[in-house]
């Protein structure tokens, strides 16, 4: 057996070892889910500009085997790319162009504000976001794409530029495991900053509860879209937040500040639902209008099904909006 | 506002239970770290007014419900007046006050009478009204009297309690008449009563008219009934049923002097037994001391009251030794005052009602029962003469004179009580004398002549030309002029009368209710009788059968009763009726009689109180053997009839008569007016000799006592029905005031509070409304 044949085996063993290590080190990462989801590639809805060849469409013509178009020859073009057969048929010079496949850069933005620490089903929204993001990061890197990380509350607390080498995954996991949700949310402002600082187009996936004014999100998403980013949002909601079925009088203390509200749930329930429904509808409409993939997720649903739906939808087309409640 | 069970008010803090529960619930709040604060803040800003109030309203409703329950259980009594004040301006306040003796009843816990309680409460409550007219209708005057203020109204002497009964139908009629006449914009009508059933006369047909007039009235009138139905703990009423002189020892030395005993019959009633039900225990036997005040002396005697009634029969209350024996003879002409008249009173110890604790009596030597028989042949009416010679009462002396028709003269009727005429009908001169005799109260029986001639008393032309001197005389004389004996019929088989009036008149049943045995009467010869129909014939001139046969022929008929023509339309229970009217009376053929109310009252008051009413009775046969067995096997019937005729005739001769307070003033022909038919001077000329403490000279009609009216002594009593304390039934009340929105305030006798009414219904209504509102507001909203 030659060394060349041993390389895939070694690679596979290395992956298994890595997964095993991650499972033991990071509780938020479930390698079994990741292993099952590896069969579904993460594809971009729009062309990506990567540094290396990959499986994603590039806006530039490249040297893949997939024919793109004929283009009239202009002086300066490489003569090696002339299609002589076309010249023979038409007596004109055409350059035969092929699609360029490139890799993508996936930036996973996690809202690490205090509100993400809320959870009533045994895990918080932050935990749920970590599971989603870590699995996506793993899938991204495993398919040869680059995965980055941004944790933001009132400021960008943690940032990891996108890398595609497997060792980066460990760094990614290590960094995100150090983050705990706290502080106020200034995610809209930070998204604007990111839109400006991320120069190349990328896949931007935001995990947040988006507890801010819908108009602010509209600006953010439009900004990101303007910068040619493929934007997806996972709107994470706790079942208690959706149902608000408290019975006893309750003093609600703000996870992002010192404010508190005393309320008789039965008195305020109707108006709470009105406000919530208005917000959800507004946010969904904003995403629809800014061509942002919107996925509302109740954190009591399984991570695997949420991601599978997300990946399959992208695989089938350009992705769609949906919710998992 | 007061409470009948104020101790329950200690539970008032329980009304805070909902608040306490609410606070505990608030105190037991949970603290929840929460992420979606923006929605809570948004929800707060979405808070609308009603939603903000909703929880507080629910809490308030719960408090109100508990509060209403506690207050309702405490039986609140609120001023009924206050509820009326908000009703706008009042033009006229009409106050109807029961001033009957029963209103002097006191409550079980105090000595304040119902009447005084009512006046106090009215004074306190009416003061807040600003009415322009104050109208008082009292049971004494029955007239609407206007006053300028409530104070002056309540100080009216008319409001003093009298001895006359209260007639609520008359008072309400007076009020309606006032409203119709004055037409006030808005009026309030207050009725003050003790709900005595007899005062309301629920069976009176007048109520139908009253209800109709109330429905038709266009005046906005608010009715309030202030009621004092409470009964005293114990109350006894006394009544003299008989008072008479009885000769005891004839002074042989002087034929002019004699010794007489005063015999009194007294009834003492426990008035509360009238209100007792079947389940009520039988009242215990008690002994009541009765004080008899007479000629300056007081005698006390004990009366045992058994099962609510005690009676003293012919109690020898005293004696007089030097009384003129022939005094009765002197006054028989009715013009001379008797020297043997005497009077006094009987009294009970003070109890729950002082108004029925005394009664009065007046006595005199009974007049001689003189009978004059004018007969063709005395054998024809011999049984009548024998019966007339044997008076039923031992103290009555009798005297019978016989005379032939041609020897009859007017003087022979002086001092007479009974005239028997068996001959051709009297001529014009004799008719005048007989007419005066009947007007004085004498009784006249006509028997047919042995041979009936085909001739009437006077030509018709004379009748038509005669101008009546007075209606009474005209009625009688006209009747006699038009009466005629037709023919003697010899019957193949003796026949018996089948129909006769048994509830009143000569053939009325006995006091025990036994019917006279008219069925045993056998008539062999019958003289038919008739009234000639003329242009001036009136119902009064018609022959009214007292007893008749199955074929309709009359055996005994009444030609006329001594009364005015104008009163003929009124129901006359004493008058024999004809035709259909007769069927409405109690017919004695079955031997069952139903005593009329007047008979019942007469029973309690004693038969001597019944006044005489002149009557001409036509007999269609002789009491001799060839004609009938009236004088033999049916002699009892004849004897009773003769005694009744004598009794009726003697009434007009007595110098002592009895009357009921206000009965004479109200209705001269009422049977309660025992002096009706007597020629007495007007009331304002009566001299009070012995009266109650409440006597007012300007209300002499309404007060009991002893009065001198010309040559006669009138003993005026309170109405018998005033001793019946039974209150009007709820069903009767609802029927009487059907359709009248009347507010009833039941007050306690002796209460010094303002007029109040139990208002627990209001609080129960509040409770129910609060619960319903709370339930509706607590309903979960439908989910979209």
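Chains as they are written, first to last, in the working numbering: chain A, 1 to 325; chain H, 1001 to 1784.
Glycine included, C-beta positions come from ideal geometry on N, C-alpha and C.
Check: Residue 1749 of chain H burial status per 10 Å Cβ neighbour count (16 or more: buried); Outcome: buried
Check: Exposed unless 16 or more other CB atoms sit within 10 angstroms - verdict on residue 1358 of chain H; Outcome: buried
Check: DSSP three-state assignment for residue 1711 of chain H, whether helix, strand or coil; Outcome: coil
Check: Residue 1265 of chain H versus H:1035, H:1314 and H:1207, residue with shortest Cα-Cα distance; Outcome: H:1314
Check: As assigned by DSSP and simplified to three states, the class of residue 1633 of chain H; Outcome: coil
Check: Cβ-Cβ distance between residue 1210 of chain H and residue 1167 of chain H below 8 Å; Outcome: no
Check: Same chain only: Cβ atoms within 6 Å of residue 1857 of chain H, ignoring 5 sequence neighbours per side; Outcome: Past the boundaries of the shown model lies residue 1857 of chain H; chain H is included only from 1001 to 1784, so the question cannot be answered.
Check: is_contact[residue 1050 of chain H, chain A] using C-beta, thresh 8 Å; Outcome: no
Check: Partners in chain H for residue 245 of chain A, counting only beta-carbon separations shorter than 8 Å; Outcome: Those within 8 Å of residue 245 of chain A in chain H number zero; the least Cβ separation is about 12 Å.
Check: Local conformation of residue 1380 of chain H per DSSP, three classes; Outcome: helix
Check: Coil, strand or helix - residue 1686 of chain H by DSSP; Outcome: coil
Check: Per-residue contacts from residue 272 of chain A into chain H (C-beta, under 7 Å); Outcome: 1039, 1040 and 1043
Check: Contact with chain A by residue 1777 of chain H, beta-carbon distance below 8 Å; Outcome: no
Check: Inter-residue Cα distance where the pair is residue 1521 of chain H and residue 1621 of chain H; Outcome: 11 Å
Check: CB contact below 8 Å: residue 1034 of chain H versus chain A; Outcome: yes
Check: 8 Å Cβ cutoff, residue 1150 of chain H in contact with chain A; Outcome: no
Check: Cβ pair residue 272 of chain A, residue 1040 of chain H closer than 8 Å; Outcome: yes
Check: DSSP state of residue 1472 of chain H mapped onto helix, strand, coil; Outcome: Reliability fails at residue 1472 of chain H, whose pLDDT of 41 lies under 50, so the model's placement of it is uncertain and no value is given.
Check: Test: residue 248 of chain A CB closer than 8 Å to a CB of chain H; Outcome: yes
Check: Boundaries of the beta strand (DSSP E) in which residue 1402 of chain H is found, first to last residue; Outcome: 1398–1403
Check: Inter-residue spacing [alpha-carbon to alpha-carbon] between residue 245 of chain A and residue 38 of chain A; Outcome: 38 Å
Check: Proximity test, Cβ basis, 8 Å: residue 1787 of chain H and chain A; Outcome: No answer is possible for residue 1787 of chain H: it lies beyond the span of chain H, which begins at 1001 and ends at 1784.
Check: Residue 1046 of chain H: contacting residues in chain C (beta-carbon distance under 8 Å); Outcome: Within the model displayed, chain C is absent; protein chains A and H are what it includes.
Check: Cross-strand partners of residue 235 of chain A (DSSP beta bridge); Outcome: A:208 and A:296
Check: Interface positions of the segment 87–120 of chain A facing chain H (Cβ-Cβ less than 7 Å), listed along the chain; Outcome: 115 and 118
Check: Residue 1028 of chain H: contacting residues in chain A (beta-carbon distance under 9 Å); Outcome: 248 and 249
Check: Chain H residues whose Cβ lies nearer than 9 Å to that of residue 262 of chain A; Outcome: 1026 and 1029
Check: CB contact below 8 Å: residue 140 of chain A versus chain H; Outcome: no
Check: Contact set for residue 1158 of chain H: own chain, Cβ-Cβ below 6 Å, skip 5 residues either direction; Outcome: 1138, 1140 and 1141
Check: Proximal residues to residue 1153 of chain H (C-beta, below 6 Å), its chain only, five neighbours per side dropped; Outcome: 1134, 1136 and 1147
Check: Limits of the unbroken beta strand (DSSP E) element including residue 1446 of chain H; Outcome: 1443–1447
Check: Sufficient close CB pairs (3 or more, under 8 Å) joining the segment 1228–1247 of chain H to the segment 1092–1107 of chain H; Outcome: yes
Check: Beta carbon proximity, residue 211 of chain A to chain H, threshold 8 Å; Outcome: yes
Check: For residue 138 of chain A, the nearest candidate out of A:42, A:46 and A:112 (CA to CA); Outcome: A:42
Check: Within chain A, the residues that residue 1055 of chain H reaches when beta carbons sit closer than 8 Å; Outcome: 264 and 267
Check: Neighbour-count burial assignment, residue 1027 of chain H, 16 or more Cβ in a 10 Å radius; Outcome: exposed
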